[in-house]
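S.K.:
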Amino acid sequence: MSTARKAYHMFVVVIVLSRATDNCSGARTVTNNALPPDHSTERYGDSIIVDVTSFGAKGNGVTDDTKAFQASWQAACGKGSTTLHVPAGYRFLVAPVTFFGPCQSNIVFQIDGSIIAPVNARFWTSNLLEWINFSKLNGITIVGSGVLDGQGAAWWKLSQYDNEDSSKGGTNLPSVRPTVLRFYGSYDVSVEGITIENSPQCHLKFDSCTSVKVVGVTISSPANSPNTDGIHLQNSRDVEIYHSSMACGDDCVSIQTGCSGIRVHNINCGPGHGISIGGLGKDGTKACVSNVSVYDSNIKDTLNGVRIKTWPGGVGSVKSLSFSNIQVSNVRVPIVIDQFYCDKKACPARSSAVFISGVTYEKVTGTYIDRPLTLACSNDVPCTDLKLINIQLRPAVVSGKDPLCSNCYGQQQLTAVCLRSGRPLNDPSRTQSHSNAC
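Using my numbering, you'd call the opening residue of the sequence shown number 102 and step up by one each time.
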C-alpha cells in the first residue's frame with residue numbers, strides 16, 4: 102500500500118447517517134439534523150475528519166461514550182466527503198445504537214481503537230437484535246486496524262435459557278443475544294481490516310444489502326461459543342468476502358434466503374461449523390439462493406466443510422453453486438447436503454423440500470474425521486445436476502466411514518459410487534409448481 106493510500110486510510114474514516122426514526126427495539130438512533138458546531142472537525146485534503154474524542158469520547162472503557170459517537174455521526178453524515186475517526190490507544194464503551202442514512206456523501210468510519218459492548222443489563226432491552234446497526238446507507242466503509250469487542254462471554258452462558266427468563270442464568274441480560282455489527286438496506290458497503298471478537302451471537306450481518314465487500318477481516322470467538330456465526334448474509338446480492346479469517350462457534354459464513362451473486366474466496370475458516378448455505382425453508386417458507394462460489398479457501402477443525410442445509414417442508418430452490426479448490430483438515434464431514442435439517446429436534450416427515458440443483462464440487466482435498474461426504478436428499482424432491490470432480494479426501498482416523506448418499510443425481514469422479522446418473526423419474530425441474538419457482 103502506498104504512503105498516500107495509508108495516509109488516506111489513517112485519516113479518512115466516516116460514518117453515514119441521516120434521519121432517525123423512533124426505534125422500538127430500544128437502541129439509540131442518530132439523525133443528521135441539528136448538526137454540532139464545526140470546531141470539532143478538520144480537513145485533510147478534500148476530506149473532512151471527525152474525531153470522536155473531539156466530541157467528548159473518553160475512551161477509558163468505563164465512561165459511556167455513546168453520545169459522543171452520536172454527535173460525531175451527526176457531524177459526519179451532514180457534510181461532504183467525511184471520515185469519522187476512532188483513534189488507536191483507547192477503549193470506547195458504546196451502548197446499542199442505530200445509525201441511519203442516507204448521508205450527504207460516502208462515509209468512511211475508521212476504527213483504529215477498540216469499541217466495547219456494555220454487559221450491564223441497563224443498556225439492553227429484551228428485543229434488541231444488534232449492538233451496532235447501520236441502516237439505509239449509500240456508500241459506507243468501515244476500515245482500520247481496530248477491534249469491535251462484543252464481550253459475549255456474559256451472554257454465552259445464557260444460551261440454554263434462550264426465550265426464557267434470563268435470570269435463571271444468574272444475570273439480568275435478556276436471553277436474546279445481539280449481533281455485533283449489522284448493515285440493513287444499504288448499497289456499496291465495505292468492511293476492511295477490522296477485528297470483530299467475542300460476539301454474543303452473530304459477528305457480522307448483512308440484510309437486504311447490495312454491492313458488499315468484506316476484506317482482511319478477522320473474526321474471533323471460542324469454538325464453544327453458541328450460535329456465533331462469523332458472517333451472516335440474507336436477502337443480499339453482489340457480495341464478495343475474501344482474505345479474511347474466521348474462528349467461531351457456528352458457521353464461518355452463513356448464506357440465507359434471498360442471496361445471489363456471492364463470492365467467498367481466500368479465507369481461513371475454523372474452528373466452527375464450516376461454510377453453509379441455509380438452513381432454508383423453515384416452517385414451510387420459500388427459500389431462493391443462486392450463483393454462489395466458494396473457492397481457494399482453507400477449512401480446519403470444523404464440524405462441516407461446505408454444507409447445504411434445508412428444512413423439511415420448505416419450498417423454493419438452491420441452484421448454480423460451486424465449491425472449488427478447498428483444503429480441509431480434521432473436518433468431521435467435508436461435503437454435506439442435508440435436506441432433513443432440523444436443528445435440535447426431529448422434524449415430522451414432509452413431502453415438499455427446497456429443490457437443490459446445479460451444484461459443483463471440484464478439487465476438495467484433505468482429511469476428515471467421520472466420513473468424506475453426506476448427500477442426503479429428499480425422495481420427493483431429489484437433488485439433480487450435481488458434480489463431484491477430483492475429490493481427494495482421506496480419513497484422519499482409522500475409523501473413517503464410507504460416503505453416505507441418497508436421492509442425488511449427477512456426474513462423479515469418485516472410486517465409491519455416490520451419484521446416480523441421469524435424472525430422477527420425478528425430476529423436480531419438471532414437476533415443481535410455479536409457486537416453488539424463484
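For every residue, glycine included, the Cβ atom is placed at its ideal position computed from N, Cα and C.
All of these numbers come straight from a predicted model, not from anything done at the bench.
Could you tell me the alpha carbon to alpha carbon distance between Ile378 and Val187, rounded to whole angstroms?
M.R.: Approximately 35 Å between the Cα atoms of the pair.
S.K.: Buried or exposed: Asn221, going by 16 or more other Cβ atoms within 10 Å of its Cβ?
M.R.: Answer is exposed; the Cβ neighbour count stays below 16.
S.K.: Is it buried or exposed, Asp330, if we count other Cβ atoms within 10 angstroms and call 16 or more buried?
M.R.: Asp330 should be labelled buried.
S.K.: Can you tell me the Cα-Cα spacing of Ile241 and Ser530, whole angstroms?
M.R.: One C-alpha to the other measures close to 40 Å.
S.K.: Would you verify that the beta carbon of Val277 is, or is not, closer than 9 Å to some beta carbon of chain C?
M.R.: Absence of chain C from the displayed structure is noted, only one protein chain being present.
S.K.: In this structure, what does DSSP give as the bridge partners for Gln171?
M.R.: DSSP, once it has assigned bridges, lists no residue as partnering Gln171.
S.K.: Between which two residues does the alpha helix (DSSP H) holding Trp257 run?
M.R.: Per DSSP, Trp257 belongs to the alpha helix (DSSP H) from 254-257.
S.K.: Just to check my reading of the structure: Ile409 and Ile457 have Cβ atoms closer than 8 Å, yes? What is that Cβ distance to the nearest angstrom?
M.R.: Confirmed, about 6 Å.
S.K.: Between the C-alpha atoms of Phe224 and Asn273, what's the straight-line distance to the nearest angstrom?
M.R.: In a straight line, the C-alpha of Phe224 is about 11 Å away from that of Asn273.
S.K.: Please report the distance separating the alpha-carbon of Ser522 from that of Asp339.
M.R.: About 33 Å.
S.K.: Do Ala158 and Ala169 come within 9 Å of each other at the CB atom, strictly closer than that value?
M.R.: Cβ atoms of Ala169 and Ala158: closer than 9 Å.
S.K.: Can you give the Cα-Cα distance for Ser326 and Asn369, rounded to whole angstroms?
M.R.: One C-alpha to the other measures close to 18 Å.
S.K.: Give me the residue from Ile212, Asp308, Ser346 with the minimum Cα distance to Gly245.
M.R.: Among Ile212, Asp308, Ser346, the Cα nearest to that of Gly245 belongs to Ile212.
S.K.: Near Pro137, which residues of its chain fall below 8 Å by C-beta distance, leaving aside the five closest residues on each side in sequence?
M.R.: Caution is warranted here: a pLDDT of 43 is assigned to Pro137, below 50, making its placement in the model unreliable, and the coordinate value is therefore given only provisionally. Cβ within range, chain order: Phe156, Ala172, Gln175, Ala176.
S.K.: Could you pull the DSSP bridge partners for Ser423 from this structure?
M.R.: The partner list for Ser423 (beta bridge, DSSP) reads Ser394, Thr461.
S.K.: To which residues does DSSP link Ala497 through a beta bridge?
M.R.: BP columns for Ala497 are empty, so no partner.
S.K.: Using the Cα positions of Asn134 and Gly202, report the straight-line distance between them to the nearest angstrom.
M.R.: Caution is warranted here: a pLDDT of 39 is assigned to Asn134, below 50, making its placement in the model unreliable, and the coordinate value is therefore given only provisionally. Going from the Cα of Asn134 to the Cα of Gly202 covers about 12 Å.
S.K.: Tell me the DSSP secondary structure of Phe441 in three-state form.
M.R.: Of the three classes helix, strand and coil, the one that applies to Phe441 here is coil, per DSSP.
S.K.: Along the chain, where does the beta strand (DSSP E) containing Val163 start, and where does it finish?
M.R.: It spans 161-165 - the beta strand (DSSP E) in which Val163 sits, taken as one unbroken run.
S.K.: Can you find the residues in the same chain that come closer than 8 Å, C-beta to C-beta, to Gln514, ignoring five residues on each side of it along the sequence?
M.R.: Contacts found: Leu489, Ile490, Asn491, Ile492.
S.K.: Below 8 Å, how does it come out for the segment 386-397 and the segment 358-367: are there three or more Cβ pairs, yes or no?
M.R.: The segment 386-397, when compared against the segment 358-367, does touch it at the 8 Å Cβ threshold.
S.K.: Is the CB-CB distance between Thr358 and Thr386 below 9 Å?
M.R.: Contact: yes.
S.K.: Is DSSP giving Arg521 helix, strand or coil here?
M.R.: Here Arg521 sits in strand by DSSP.
S.K.: Around the C-beta of Asp384, are 16 or more other C-beta atoms found within 10 angstroms, so that it is buried, or is it exposed?
M.R.: So Asp384 ends up on the exposed side.
S.K.: For Arg451, which three-state DSSP category applies?
M.R.: It is coil, neither helix nor strand.
S.K.: Quick check on the DSSP output: the beta strand (DSSP E) that includes Gly379 runs from which residue to which?
M.R.: Unbroken beta strand (DSSP E) run through Gly379: 376-381.
S.K.: Between Pro219 and Trp232, what straight-line distance do the alpha-carbon atoms span, to the nearest angstrom?
M.R.: Their backbone Cα atoms lie some 9 Å apart in a straight line.
S.K.: Among Pro279, Ser312, Asn336, whose alpha-carbon lies nearest the alpha-carbon of Val292?
M.R.: When each option's Cα is compared against that of Val292, the closest is Ser312.
S.K.: Does DSSP classify Thr296 as helix, strand or coil?
M.R.: Reduced to three states, the DSSP call for Thr296 is strand.
S.K.: With DSSP run on the structure shown, which of helix, strand or coil describes Ser155?
M.R.: DSSP places Ser155 in helix when its eight states are reduced to three.
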